[in-house]
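Before any comments, here is the structure.
Chains as they are written, first to last, in full-length UniProt numbering: chain X, 1 to 85; chain R, 1 to 512; chain W, 1 to 933.
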């Protein structure tokens with residue numbers, strides 16, 4: 001498919017979207033919703049959500065990312081990943 | 001300063017009243033005060049000017065602007081005699097013999113002077129009404145025996161009772177001023193000559209039924225009435241007669257004028273409501289009746305101008321006093337309008353019961369052409385033709401109904417012996433075809449076929465067969481039409497056929 | 001069945017407990033108060049002749065055929081406009097009435113062409129019928145009089161003709177356009193004999209406001225308004241009752257055929273969802289089913305660069321089964337998955353998810369609802385306990401305040417919109433929350449009390465602020481909350497915080513605080529308040545949060561659990577509700593039961609004789625991510641064009657290209673088929689036998705109108721793939737699939753084809769407790785017991801306008817086209833919407849030198865596409881809008897991978913973009929590219 005009318009503008013990709021592994025991005029999206037909770041409650045609820053809705057291979061990938069690059073994760077998401085493991 | 005009264009009524013205006021007023025101003029401006037009034041209703045005398053004298057108001061008419069200097073020279077300002085002088089106007093038999101309850105101020109006062117209005121008894125009825133409960137007011141109107149003056153003659157008190165008893169936060173009072181019947185002009189003369197009276201009547205109605213908003217639906221052919229009403233409403237607001245706290249009573253009543261767009265059918269009350277809602281003027285089927293489901297679906301009083309304008313006097317004097325006038329179930333006064341081929345045409349308000357003969361040949365003076373009267377049409381273009389042989393008929397709703405005629409809005413149109421009644425019958429169908437809203441089949445298609453069938457009859461084409469078709473059609477239109485438009489169109493046709501069958505034979509058509 | 005002629009009682013039913021007893025021609029009959037004499041007579045078996053009356057319209061009283069006599073009364077009132085009164089004795093057959101009726105017919109026929117034998121309505125003409133019934137034998141007026149026989153035809157509408165020479169001026173079309181459809185496009189022009197039906201001010205139908213819903217054609221008693229298909233093909237002679245396959249309203253239709261040829265689709269009066277109404281799509285746009293583009297033979301290829309090879313079904317199915325097993329053998333059991341379609345029947349969906357769970361042995365099944373209403377499922381389940389709307393459509397007639405959030409019902413759910421508009425014309429108040437001024441905001445006889453024109457992406461801030469007003473101004477329904485709900489206090493503490501006040505969020509949402517306060521007060525105190533919402537709620541990064549926010553608001557004000565209230569998703573596709581109900585989500589088995597629930601799994605494992613994994617599988621976007629990381633290699637996609645409809649298309653294309661086996665089952669070679677290795681032909685709704693479940697949980701029957709064009713029922717295909725993969729899965733008839741669904745799903749326990757055939761439709765839950773279904777949910781208690789308040793903090797999307805992309809793009813649909821347009825673009829509906837356009841505010845246009853009709857580029861941080869500009873003051877400054885019905889529009893070239901935090905429903909409704917005038921070469925290239933596709 002040649003698509004001059006619909007060309008990707010890869011230069012405009014912002015780093016958050018372009019390079020972040022999907023499980024990290026998705027976990028951070030979830031974490032953002034639980035800031036009104038105490039850190040402990042939030043971690044538990046995020047972990048529970050991930051257990052309920054994520055395929056095991058994504059959870060494993062999240063744990064791998066958490067170990068490899070903990071700074072890429074929202075602190076609440078990071079705490080949640082510890083709950084999961 | 002001498003007060004000179006010159007009508008501002010548009011009938012008087014059409015024969016030069018404004019020019020006469022200007023000529024008076026020009027000739028004697030510094031000596032006189034000109035008061036523009038409504039018309040006295042003696043249209044053959046218009047422009048009729050009146051001069052205030054010690055004897056009373058002395059009249060001159062018909063006056064042309066050219067004659068003004070001569071009249072002044074002749075002593076008009078002193079009420080001097082002249083060939084145009086008719087004497088003290090109030091003593092003319094035409095006026096003296098009337099019982100002017102509704103038209104009491106018309107032609108007498110300045111229609112837009114609140115002072116005049118109150119000085120001549122205005123607001124007495126409203127003040128009385130506001131002292132009393134709505135139910136009391138309705139009872140008073142019921143006791144008066146007042147019936148709808150628009151034509152149908154439905155008891156106003158019963159209608160008001162229905163609106164009062166129908167629950168609803170929003171109710172309306174609508175005045176039907178779409179006066180479209182041929183030979184009628186009383187609504188217009190009242191609106192131009194005494195608009196406060198209508199405003200007062202509508203305000204009383206609003207209090208009586210719990211309405212907070214009113215509309216006066218005026219036909220577009222009445223620009224002067226519209227302007228007068230609008231000005232009068234402004235004045236009424238300025239004086240606290242309308243608005244948030246009418247005469248300090250706490251009553252809220254807002255009143256608006258709406259102008260029609262030239263359709264006769266909008267004089268039919270449900271079409272009028274459609275038109276007021278901004279829709280095309282098309283008849284609604286009843287039920288539901290407007291008293292329960294009216295304007296914008298709310299309980300609504302719909303009354304004619306004269307019905308509402310009769311109410312202030314009823315409240316002022318009491319229903320019983322009003323009911324003393326009239327005969328049988330037709331109580332109070334009727335404002336007759338004499339028109340057509342008549343020597344003395346105009347407005348004649350008198351108690352029900354007067355005969356056609358007294359009105360037409362007596363006060364009206366017979367035909368203007370001087371030829372014998374052949375028939376009159378009473379009640380507008382859908383009214384029956386009444387032959388001279390029935391001129392003994394008293395003007396009473398039920399007596400007319402029994403004679404297969406109707407009083408309608410009180411218009412009487414006179415024809416002399418040259419009239420071809422088959423043409424009048426054809427005209428009735430043609431009028432219906434022209435003015436039908438088109439909703440129901442008998443009226444929409446029937447009226448067109450009616451014209452065609454009458455043409456066949458007068459053209460000599462199977463007259464007997466086509467007369468049978470015409471009779472069937474009339475029956476269908478009478479029984480089957482949705483509203484009075486199609487339902488009454490057979491009246492003139494059948495009465496013409498009944499009383500003047502010879503006019504429908506082709507031989508007559510062929511004689512020159 | 002033979003051609004179904006529904007009874008017409010002449011005037012609408014009058015609901016109400018009070019009854020009146022009357023006698024019609026000596027037959028006693030008892031009817032509700034307010035019933036017309038005509039209807040009472042019809043109910044007692046006596047048909048009074050009529051022409052202007054039909055029971056879908058209020059009585060009009062114009063034809064004067066239905067006159068009757070009433071004992072003790074003068075005159076001959078019209079029976080349609082005369083209500084019955086207790087003890088009334090009516091006569092419908094007397095010599096006087098016969099004469100009047102003949103008189104009326106004589107007038108009609110004196111102005112009507114005498115071409116019955118060659119007329120397209122011959123046999124289906126009420127004028128013809130009435131002539132016979134009243135015994136008209138002559139027209140004494142002759143035919144030479146004034147008439148309308150010379151008036152010319154208007155053939156401008158692609159689906160129906162207007163022949164005014166046959167018009168009897170009964171106004172049924174005009175009234176239907178107003179009363180039923182609510183568009184008021186038609187009027188009577190002229191007066192008296194000159195009265196003439198007119199679309200607008202003497203315009204052609206196509207140039208007028210007409211929305212081609214067909215209500216006028218339906219209402220016309222003669223051939224004046226007639227389907228072109230009837231003119232071309234002749235009168236149908238048999239009927240199949242079925243259900244429309246466009247939007248989630250789920251209209252019931254009579255498919256009328258002549259032999260095996262479908263002549264027309266006529267809305268069915270007994271249809272629970274539509275009650276005899278339709279829209280331009282369901283009524284007319286069915287021609288795609290026989291479009292030459294249909295592919296009816298299976299095809300395979302080794303690589304997506306190869307040409308397709310037609311094969312027989314066995315070859316195709318064996319190829320798929322073998323390749324899937326190979327992929328599982330090489331990459332693991334979880335390396336493949338399937339996507340079910342909301343376009344397919346419940347039975348078809350059920351077998352696909354069963355194939356995945358039992359034959360593939362994993363939970364990698366998802367459905368296209370992922371990209372539309374998955375947040376509805378999540379949000380309503382969390383708060384109320386079940387993933388569905390609370391009301392039936394009829395409920396809107398009892399609403400006093402209607403809130404429409406992120407939905408455009410007049411375009412996307414037109415038949416429901418007509419119901420809603422009817423209620424609004426009756427005086428219900430309307431609150432619209434939408435960045436764009438949708439038609440509903442101001443339409444004939446309707447004006448929204450409040451149009452909250454919020455900035456895209458700020459729904460949650462708006463709903464929170466409304467709830468803040470309710471809580472802080474003492475408008476909470478305390479007893480409802482105390483009796484029926486839980487966790488209120490914590491929520492109330494959260495929502496009462498100053499950060500949630502209308503004043504605090506005004507700068508974020510753009511909605512004036514005072515207006516928002518008034519809207520909240522109206523919602524809380526205006527009587528029955530009902531919320532209707534669409535994808536403008538769900539397709540956001542906080543889609544699920546917003547659904548819960550609306551649920552909170554409804555609970556706090558006690559607007560749940562009775563007629564006229566509720567929280568109601570307007571579902572996009574015909575079977576979104578059903579496909580979700582059937583266990584299409586990777587974490588849920590049918591009836592929304594989590595795979596981790598041992599008891600639930602046991603039911604399925606026992607019946608299916610296979611273990612079910614207790615862990616959730618992959619969602620659609622996860623499938624794409626996993627395809628790119630190499631762990632997901634094979635996909636079965638049924639009836640969804642993911643390569644066009646899913647966001648961030650470049651990413652989707654890359655994922656599809658990375659897979660080893662993509663199997664597409666569809667009607668047409670769609671965009672996704674370009675990435676497929678196997679194409680399996682699907683069936684249209686006209687060939688299907690099964691059920692659809694609409695937005696009100698109503699299970700409707702879909703019955704085959706024609707035999708399958710592919711030689712196979714669509715439900716057979718997954719069964720055969722499963723069998724070829726070694727898992728026994730066979731049914732003789734789709735009713736057996738429904739029986740299985742009923743046996744494993746408590747909310748469907750009472751559902752069977754037999755029951756549906758008997759009752760017409762049922763709304764789930766349908767079981768022992770509710771054998772005839774459940775129109776209103778949560779009446780005495782919530783499904784989860786107590787309704788649960790959930791705190792819903794507003795978290796702004798990361799997608800926001802910037803210097804480089806200063807505008808926000810939002811998307812929607814148009815009446816005449818449907819979603820990606822695969823069907824509607826293959827019908828005459830293209831007459832209304834030949835291309836998608838970019839709507840933008842005059843100010844934004846002027847700033848960029850853009851004029852109406854200019855070609856413009858639309859670019860976001862992920863892609864760029866071309867569109868034609870349409871300058872429109874419906875748009876607020878800073879927001880642009882387009883539809884996505886045409887593939888070359890490429891709206892999803894610019895949408896991002898952002899998604900709802902809870903469900904990964906894409907954030908279609910907010911994309912930061914820039915718009916600029918296209919250079920000429922860009923435009924030419926774009927055209928060429930579009931043509932090549």
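Ideal placement from N, C-alpha and C gives every residue a C-beta, glycine not left out.
Asked	Found
Any chain W beta carbon closer than 8 Å to residue 513 (chain R)	Outside the shown range of chain R (1 to 512) lies residue 513 (chain R), about which nothing can therefore be said.
Nearest residue (CA-CA) to residue 299 (chain R), options R:458, R:95, R:214	R:214
Closer than 7 Å at the beta carbon, the chain W residues around residue 168 (chain R)	By Cβ distance, chain W contributes nothing, its closest Cβ being about 13 Å from residue 168 (chain R), past 7 Å.
Close-in-space but distant-in-sequence residues of the same chain around residue 454 (chain W) (CB under 7 Å, 5 per side omitted)	433, 435, 462, 509, 510, 511
Bounding residues of the beta strand (DSSP E) (the contiguous stretch that carries residue 376 (chain W))	First-last for residue 376 (chain W): 374-383, but that is the alpha helix (DSSP H), not the beta strand (DSSP E).
Residue-level contact to chain R via CB, residue 288 (chain W), 8 Å cutoff	no
Element boundaries [alpha helix (DSSP H), containing residue 2 (chain R)]	No alpha helix (DSSP H) holds residue 2 (chain R); the beta strand (DSSP E) holding it covers 2-7.
Classification of residue 115 (chain W) by the beta-carbon crowding that lies within 10 angstroms, buried from 16 upward	exposed
Helix, strand or coil at residue 934 (chain W) [DSSP, three-state]	The first residue shown for chain W is 1 and the last is 933, placing residue 934 (chain W) beyond what the model contains.
The segment 22-33 of chain X / the segment 66-76 of chain X touching (three or more Cβ pairs under 8 Å)	yes
Residue 436 (chain W): contacting residues in chain R (beta-carbon distance under 7 Å)	Near residue 436 (chain W) there are no residues of chain R at all, since even the closest Cβ is about 28 Å away, more than 7 Å.
Span separating the alpha-carbon of residue 162 (chain W) from that of residue 155 (chain W)	6 Å
7 Å Cβ cut-off: residues of chain W touching residue 22 (chain X)	625
Endpoints, the beta strand (DSSP E) within which residue 406 (chain R) is located	Segment: none, residue 406 (chain R) is in no beta strand (DSSP E) and carries neither H nor E.
Nearest to residue 397 (chain R) (by Cα), restricted to the options R:145, R:141, R:477	R:145
N-terminal and C-terminal residue of the alpha helix (DSSP H) that residue 675 (chain W) is part of	Neither: residue 675 (chain W) is in no alpha helix (DSSP H) and is coded neither H nor E.
Exposed unless 16 or more other CB atoms sit within 10 angstroms - verdict on residue 86 (chain W)	exposed
Residue 884 (chain W), enclosing alpha helix (DSSP H) - first and last residue	Looking at the DSSP string, residue 884 (chain W) is not in any alpha helix (DSSP H), and its letter there is neither H nor E.
Residue 674 (chain W): CB within 7 Å of a non-hydrogen atom of the ligand SAH	This structure does not include the ligand SAH; it has no bound ligands of any sort.
Short CB-CB distance (under 8 Å) between residue 178 (chain R) and chain W	no
Residue 64 (chain X) at chain W interface by Cβ criterion, 8 Å	no
Neighbourhood of residue 742 (chain W) by C-beta distance below 8 Å, restricted to the same chain and skipping five residues each side	748, 749, 750, 751, 752
CB contact flag (residue 453 (chain R), residue 414 (chain R), <8 Å)	no
Beta-carbon proximity check, residue 108 (chain R) vs residue 37 (chain R), cutoff 8 Å	yes
Burial state of residue 53 (chain W) (16 or more Cβ within 10 Å)	buried
Short Cβ contact (8 Å threshold) for residue 837 (chain W) with residue 882 (chain W)	yes
Reference residue 588 (chain W), options X:25, X:35, X:55, closest by Cα	X:55
Opening and closing residue of the alpha helix (DSSP H) in which residue 40 (chain X) lies	39-53
Coarse secondary structure for residue 495 (chain R), derived from DSSP in three states	helix
Reference residue 229 (chain R), options R:457, R:200, R:137, R:73, closest by Cα	R:200
Contact belief for residue 265 (chain R) with residue 437 (chain R) at Cβ below 8 Å, rounded distance in angstroms	4 Å
Reduced DSSP secondary structure (H/G/I, E/B, other) of residue 338 (chain W)	strand
Within-8 Å CB hit, residue 39 (chain X) to chain W	no
Alpha carbon of residue 609 (chain W) to alpha carbon of residue 582 (chain W), nearest angstrom	19 Å
Contact set between residue 133 (chain W) and chain R, taken where Cβ atoms lie within less than 7 Å	The contacting residues do not exist; residue 133 (chain W) stays about 16 Å from chain R at best.
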